[in-house]
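The structure under discussion appears below in the form of structure tokens.
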Amino acid sequence: MKKINLFVLLILLAGTSIGIVFPGASFAQEAANAPGSLFYQANIYYQEGKYAEAIKSYQKILGMGWESGNLYYNLGNSYFKEGKLGLAALNYDRAKGFIPNDSDLRSNYDYVLQELNLEPRSFGNWFEKVVYALFAGITADMLAAMLFFVYILFITYLILSLFFSRLKIYSGLVTCVFIAVFALSAYALNKKINYRNSFAIVVSGKAEARFEPLENATVYFELGEGSRVEIVDKNENWYKVRRFDNKSGWVKKDFLDK
Amino acid sequence: MARIRNKFSLLKLLSLGLCVIYCALNLPRPCFAKEFSFEAAVDRNKVSLGSSLQLSLSFNNAQNIPAPELPAIDGFQSRYLGPSTMMSIVNGKVSGSITHNYLLLPVKIGVFKLGPFKVEYNGDKYTSNQVNLEVLESQSQIPAQPDNRAEPAMGDLSDRLFITIQVKKDKAYLNENVPLTIKLYVNRLGIKDIQYPELIHEEGLSIGTFDKPSQYQELYKGVKFDVIEFNTSVFGLRPGEFNLGPAHIKCNLIVRNQSKRRSAFGSADPFEADIFDNFFGRHETYPLDLKSQEASFRVLALPQENKPVDFSGALGNFSFEADAAPLEVKLGDPVTLKMIVSGEGNFNTVGVPKLKSEKGFKVYEPQVKQNANTKSFEQVIIPVSLEVKEIPALSFNFFDTLSGEYKTISRGPFTITIIKPDKEEETRIVEGKQLVAPSVTSREEKLGRDIIYIKDNPGRLKKRNEYLYNNKIFLGLQAVPLLFYLIIVLIYAKKRRLKTDLKYARGLLAPRKARAGILQAKKYLDKAEAGKFCDILFLTLQEYLGDRFHLSSKGITISIIDEHLRKEGVSEDILVKLREIFKECDIVRYASSQLSRENMQASLTKLEEVIDYLQRKKR
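Those protein sequences? They're chains A and B, same order as listed. Residue numbers for the first sequence follow numbering that gives the first Met the number 0, so the first one is 0 and each next one is one higher. Residue numbers for the second sequence follow numbering that gives the first Met the number 0, so the first one is 0 and each next one is one higher.
In structure tokens form, the structure reads like this:
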């Protein structure tokens with residue numbers, strides 16, 4: 000009986016120890032693979048000058064479905080150090096969607112463009128350029144929150160005007176202002192949402208834009224590494240892109256990244 | 000003293016008058032261009048017997064020509080309508096014209112040729128063009144007027160509304176600007192909302208933007224048309240044969256719609272026409288998409304023969320002027336080169352003219368200004384050696400599209416005197432030489448540049464593509480303020496109605512008040528106080544009926560309410576109950592008779608039933 004008890008006790012102990020050891024091991028594994036840990040690990044690689052390793056770690060975080068402005072910024076820096084200026088410009092451009100007012104980001108992005116002999120260009124007609132300039136420092140989330148705030152403010156005004164007749168005097172003007180602010184913000188938000196899908200950056204060498212999506216088609220113009228283009232159409236391995244000056248041509252997909 | 004002042008003012012007036020007369024005499028007099036022309040035109044080239052048409056004889060660049068007497072025209076009777084004159088001033092040049100108008104009445108059918116007409120003016124004889132005209136037997140053979148139609152048919156209007164496309168040259172060199180004109184011709188039709196043309200063209204051609212359109216009248220195949228002209232330019236991006244067009248112009252045709260007002264027999268009798276049709280003009284618009292013919296355009300490659308080594312691609316017919324100033328400078332001081340390229344051609348292809356040699360000079364990037372027919376460059380050069388004696392010649396080369404040859408125009412060299420600077424200035428120049436820019440930057444600190452270091456924390460990490468605008472909770476939240484607002488509006492509207500709509504308020508309060516009255520009646524029932532019970536019962540019923548039907552409560556009697564309730568469609572059973580309550584109450588209140596407890600209970604029940612019935616009927 001005693002033997003049986005001892006055996007049971009041993010099994011229980013073993014089970015407990017396995018239970019203790021295994022969760023601990025899996026937790027350690029998870030911690031090492033957590034996006035935060037990977038980020039710090041990537042930073043260490045960067046400090047040690049192992050830029051390729053740093054890029055791998057930063058990309059791993061992106062592969063796990065996480066993103067942030069600082070992550071794209073650091074990835075841009077790593078690509079710059081690796082000499083891949085097009086990819087650096089791409090990641091700085093992505094970072095702008097999260098931390099548009101970051102002075103370090105602006106400085107680095109300007110420097111990369113300068114190194115690539117490019118100038119920051121805005122697309123579209125004068126109205127789109129004005130809207131872009133007005134909302135350049137605001138992220139899509141901030142714009143969505145702002146729209147909600149304007150909406151609540153307008154509803155509050157409508158409720159108050161029911162009880163305070165004085166508020167009704169300027170109701171036409173106030174409504175126009177609210178609608179104008181709302182419409183402008185909504186337009187800007189729409190542009191920001193579409194930006195990541197419809198704009199791309201030349202990431203490798205000089206891309207040749209051709210009249211037709213064919214290898215032997217005549218070259219219309221060339222796009223330098225880091226150039227930003229608008230994607231207007233696609234055809235298998237080709238994108239039809241439009242340049243800031245509205246010239247458009249077909250570029251092979253390999254040259255571009257969004 | 001006053002006389003002297005008067006004299007002075009008189010002198011002033013006199014001198015002012017003289018000035019006015021002088022100015023009037025020296026005003027530019029109309030100076031007509033010498034190209035006299037004589038044209039004949041009709042307002043339509045198809046007409047039916049019984050209709051009339053207008054013949055216009057126009058004398059351009061002349062104003063005092065008397066009406067020529069028309070010769071007898073076979074198949075027509077003519078009558079002089081009168082003259083109309085026109086004067087226009089373009090770039091200070093005055094031009095005028097006079098048009099003599101005649102009414103022509105056809106007297107037989109057939110195809111006719113009017114003219115050529117002949118006039119004699121200032122001893123010279125002039126002959127007009129010939130106009131073709133067809134006289135048809137009936138109106139139905141002529142394309143219908145859009146004024147009388149419900150819907151226009153483009154086939155019918157094609158000779159009165161159409162567009163043309165004209166390219167000045169059908170072949171041009173690569174990048175050579177060729178003027179392109181699209182004309183919209185309109186003859187006696189109402190057109191509005193005319194949009195800029197859309198031009199379909201093959202890839203390999205570049206079309207410029209259209210200038211502001213011009214409007215004028217033009218004689219086309221003997222018929223006078225209103226013309227709207229759109230101008231732009233086209234140039235080829237690669238050699239080859241291209242199709243240009245068709246050009247599309249979208250516009251709205253104004254049609255006076257009288258079809259609905261016509262009599263059942265389709266009579267077009269003017270006496271049957273509604274005067275308001277004409278007065279208010281029942282106009283309708285129909286969108287039209289006009290289409291031109293295609294034009295062919297051939298783009299030629301530039302010849303390689305005799306092509307200058309530094310050819311920058313300028314195409315056109317240009318002249319080139321250059322100047323340098325000042326020509327006496329201290330060493331290190333700037334000299335400005337002014338270069339102007341003028342002429343006709345594609346100025347976008349005109350690059351900066353080059354110095355034959357830049358030796359001894361620091362050359363800066365030029366400032367460029369481009370106008371319609373000129374492109375100017377201002378370039379700063381700084382002599383960096385005392386050995387410099389002249390600014391080398393500037394040369395500009397281009398491909399002359401008229402002659403099909405490369406041409407080079409050189410200006411200079413310009414003799415220049417370089418003065419040795421003072422000692423202090425010399426030091427400055429030496430410092431300046433070490434850096435890229437001249438003296439201004441010599442004291443500036445040269446700063447290094449590199450990327451800024453990485454961020455030490457990941458910031459706000461979030462799941463990819465998860466934004467506030469696609470968050471379901473956030474989207475759902477959007478409905479909350481709107482619902483809140485709607486609830487507030489409903490409450491506000493109800494309160495406001497209670498305040499302003501007495502009928503509604505009384506109707507709403509009636510059951511509540513009746514409930515209170517019934518409770519009180521129950522108390523008197525329990526105490527078996529028949530008198531008070533009947534009083535409260537009667538009062539409750541009176542007030543309820545008054546509130547319910549918005550009547551004066553005090554004046555309610557069985558006869559009044561009976562009539563009212565019948566109109567409302569209340570059942571006879573309820574009316575009987577009501578009559579019984581009124582009767583019982585009257586007996587107790589005025590005849591001082593007593594009610595048994597059971598009768599009181601029965602009356603109360605009847606009252607409850609009546610109120611319950613009327614409340615349900617309300618809903």
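Every residue, glycine too, gets a C-beta built ideally from N, C-alpha and C.
- Environment of Q378 of chain B [buried if 16+ CB atoms lie within 10 Å]: The residue given as residue 378 of chain B occupies position 379 in the second sequence. Buried, because 16 or more other Cβ atoms sit within 10 Å of the Cβ of Q378 of chain B.
- Query: Quick one: does S164 of chain A have its CB under 8 Å from some CB of chain B?
  - Reply: Here residue 164 of chain A refers to the residue found at position 165 of the first sequence. So no, S164 of chain A is outside the interface.
- Message: I'd like the list of long-range same chain contacts for F79 of chain A, defined as Cβ closer than 8 Å, with 5 residues on each side in sequence excluded.
- Response: Residue mapping note: residue 79 of chain A aligns to position 80 of the first sequence, counting from 1. Answer for F79 of chain A: A87, N107 and V111, listed in chain order.
- Taking C-alpha atoms, which residue in B:V367, B:V233 and B:F234 lies nearest to E337 of chain B? As a first step, residue 337 of chain B must be located in the second sequence, where it is residue number 338. In the sequence as presented, Glu is not what sits at residue 337 of chain B; that position holds Lys. When only C-alpha atoms are compared, the closest one is B:V367.
- Message: Could you check whether I248 of chain B and I193 of chain B sit closer than 8 Å to each other, using their CB atoms as the reference points?
- Response: The residue given as residue 193 of chain B occupies position 194 in the second sequence. The residue given as residue 248 of chain B occupies position 249 in the second sequence. Yes.
- Whether G114 of chain B touches A39 of chain B by CB criterion (8 Å): Indexing the second sequence from 1 puts residue 114 of chain B at position 115. Indexing the second sequence from 1 puts residue 39 of chain B at position 40. Going by C-beta atoms, G114 of chain B is nearer than 8 Å to A39 of chain B.
- Determine which residues of the region 381-398 of chain B have a Cβ less than 9 Å from any Cβ of chain A, and write them out in chain order. none
- Query: Nearest-angstrom Cα distance between L188 of chain B and E133 of chain B?
  - Reply: Residue mapping note: residue 188 of chain B aligns to position 189 of the second sequence, counting from 1. Residue mapping note: residue 133 of chain B aligns to position 134 of the second sequence, counting from 1. Straight-line Cα distance between these residues: approximately 20 Å.
- Item | Interface partners of F38 of chain A on chain B, CB under 7 Å | Reading the first sequence from its first residue, position 39 is the one you call residue 38 of chain A. Under the 7 Å cutoff, chain B gives P457.
- Identify the contact partners of L467 of chain B in chain A, using a Cβ-Cβ distance below 8 Å as the criterion. To locate residue 467 of chain B, count along the second sequence from 1; it is residue 468. The contacting residues are A139, D140, A143 and A144.
- Query: Between Y195 of chain B and the rest of its own chain, which residues show a CB-CB distance below 6 Å, the 5 nearest in sequence each way excluded?
  - Reply: For the purposes of this step, residue 195 of chain B is taken as the residue at position 196 of the second sequence. Hits under 6 Å: F209.
- Beta-carbon contacts of K617 of chain B that lie in its chain and below 8 Å, excluding the five residues immediately before and after: By 1-based counting over the second sequence, the position of residue 617 of chain B is 618. Correct list, in chain order: G506 and R547.
- To the nearest angstrom, report how far apart T407 of chain B and P99 of chain A are at their CA atoms. Position 408 of the second sequence, counted from the start, is the residue given in the question as residue 407 of chain B. Position 100 of the first sequence, counted from the start, is the residue given in the question as residue 99 of chain A. So the alpha carbons of these two residues sit roughly 51 Å apart.
- Task: Spell out whether any CB of chain A is found under 8 Å from the CB atom of I487 of chain B.
- Result: As a first step, residue 487 of chain B must be located in the second sequence, where it is residue number 488. Closer than 8 Å: yes.
- Message: Within 8 Å of any Cβ in chain B, is that where the Cβ of F210 of chain A sits?
- Response: Here the question's residue 210 of chain A lines up with position 211 in the first sequence. Interface residue, yes.
- Test item: CB-CB of V130 of chain A and A185 of chain A under 8 Å: Here residue 130 of chain A refers to the residue found at position 131 of the first sequence. Here residue 185 of chain A refers to the residue found at position 186 of the first sequence. No.
- Query: In chain B, what lies closer than 9 Å to W249 of chain A by C-beta?
  - Reply: For this step, residue 249 of chain A is matched to residue 250 along the first sequence. Simply none; closest approach about 11 Å.
- Item | First through last residue of the alpha helix (DSSP H) which encompasses T180 of chain B | For the purposes of this step, residue 180 of chain B is taken as the residue at position 181 of the second sequence. Careful: T180 of chain B lies outside any alpha helix (DSSP H), inside the beta strand (DSSP E) at V177 to V185.
- Task: Step through the CB atoms of chain B and report whether any lies within less than 8 Å of the CB of Y78 of chain A.
- Result: In the first sequence, counting from the first residue as 1, residue 78 of chain A sits at position 79. No, no contact with chain B.
- Helix, strand or coil for E293 of chain B, going by three-state DSSP, please let me know. Here the question's residue 293 of chain B lines up with position 294 in the second sequence. Here E293 of chain B sits in coil by DSSP.
- Would you tell me roughly how many angstroms separate the C-alpha atoms of V387 of chain B and L301 of chain B, rounded to the nearest one? The sequence position of residue 387 of chain B within the second sequence is 388, counting from 1. The sequence position of residue 301 of chain B within the second sequence is 302, counting from 1. In a straight line, the C-alpha of V387 of chain B is about 38 Å away from that of L301 of chain B.
- Task: Return the Cβ separation of F198 of chain A and I230 of chain A in integer angstroms, given the expectation that the two are a contact with Cβ distance under 8 Å.
- Result: Locating residue 198 of chain A in the first sequence gives position 199, where the first residue counts as 1. Locating residue 230 of chain A in the first sequence gives position 231, where the first residue counts as 1. Right, their Cβ atoms sit about 7 Å apart.
- Is there a Cβ from chain A that is less than 8 Å from the Cβ of R28 of chain B? Translated into positions along the second sequence, residue 28 of chain B becomes position 29. Confidence at R28 of chain B is low in this model, with a pLDDT of 42, below 50, so the placement of that residue should be treated as unreliable; the coordinate-derived value is given next. Not an interface residue.
- At a Cβ cut of 8 Å, what residues of the region 198-227 of chain B count as close to chain A, listed as they run along the chain? E202 and G203
- Query: Looking only at DSSP bridge pairs, what is G315 of chain B linked to?
  - Reply: Your numbering for residue 315 of chain B matches position 316 in the second sequence. Note: G315 of chain B sits in a beta bridge opposite B:G344 and B:D399.
- Task: To the nearest angstrom, report how far apart L482 of chain B and Y523 of chain B are at their CA atoms.
- Result: By 1-based counting over the second sequence, the position of residue 482 of chain B is 483. By 1-based counting over the second sequence, the position of residue 523 of chain B is 524. For L482 of chain B and Y523 of chain B, the distance between alpha carbons rounds to 48 Å.
- Query: Name the DSSP bridge partner or partners of E133 of chain B?
  - Reply: Stepping through the second sequence from its first residue, residue 133 of chain B is reached at position 134. Answer is B:K45 and B:V110, bridged to E133 of chain B.
- Task: Ignore the nearest five residues each way along the sequence and tell me which others in F6 of chain A's own chain have a CB closer than 8 Å to its CB.
- Result: Reading the first sequence from its first residue, position 7 is the one you call residue 6 of chain A. Since pLDDT at F6 of chain A reaches only 48, below the 50 mark, its modelled position is unreliable, and the value read off the structure follows with that caveat. Excluding sequence neighbours, F6 of chain A sits near nothing in its chain.
- Message: Tell me the DSSP secondary structure of Y79 of chain B in three-state form.
- Response: Mapped onto the second sequence, residue 79 of chain B falls at position 80. It is a strand residue.
- Query: From this set, B:F75, B:L69 and B:H99, which residue's C-alpha is nearest S83 of chain B's C-alpha?
  - Reply: In the second sequence, counting from the first residue as 1, residue 83 of chain B sits at position 84. When each option's Cα is compared against that of S83 of chain B, the closest is B:H99.
- Message: By alpha-carbon positions, which one of B:L544, B:R159, B:G516 and B:H549 ends up nearest to C533 of chain B?
- Response: Your numbering for residue 533 of chain B matches position 534 in the second sequence. The residue with the shortest Cα to Cα distance from C533 of chain B is B:G516.
- Task: Measuring alpha carbon to alpha carbon, tell me which of B:F581, B:D585 and B:G568 ends up nearest Y612 of chain B.
- Result: The residue you call residue 612 of chain B lines up with position 613 of the second sequence. Among B:F581, B:D585 and B:G568, the Cα nearest to that of Y612 of chain B belongs to B:G568.
- Message: Please confirm whether T174 of chain A has its beta-carbon closer than 8 Å to some beta-carbon of chain B.
- Response: Within the first sequence, residue 174 of chain A is the residue found at index 175, counting from 1. T174 of chain A does not count as touching chain B.
- Per DSSP, what kind of secondary structure is G68 of chain A in: helix, strand or coil? In the first sequence, residue 68 of chain A corresponds to position 69, counting from 1. Helix.
- Query: What are the start and end residues of the beta strand (DSSP E) that includes I382 of chain B?
  - Reply: Translated into the one-based positions of the second sequence, residue 382 of chain B becomes position 383. Sequence check: residue 382 of chain B is Pro here, not Ile. Its beta strand (DSSP E) spans residues T373 to P382.
- Message: Let me confirm a value: L198 of chain B is counted as buried when at least 16 other C-beta atoms fall within 10 Å, else exposed. Which label applies?
- Response: For the purposes of this step, residue 198 of chain B is taken as residue 199 along the second sequence, with counting starting at 1. Buried, because 16 or more other Cβ atoms sit within 10 Å of the Cβ of L198 of chain B.
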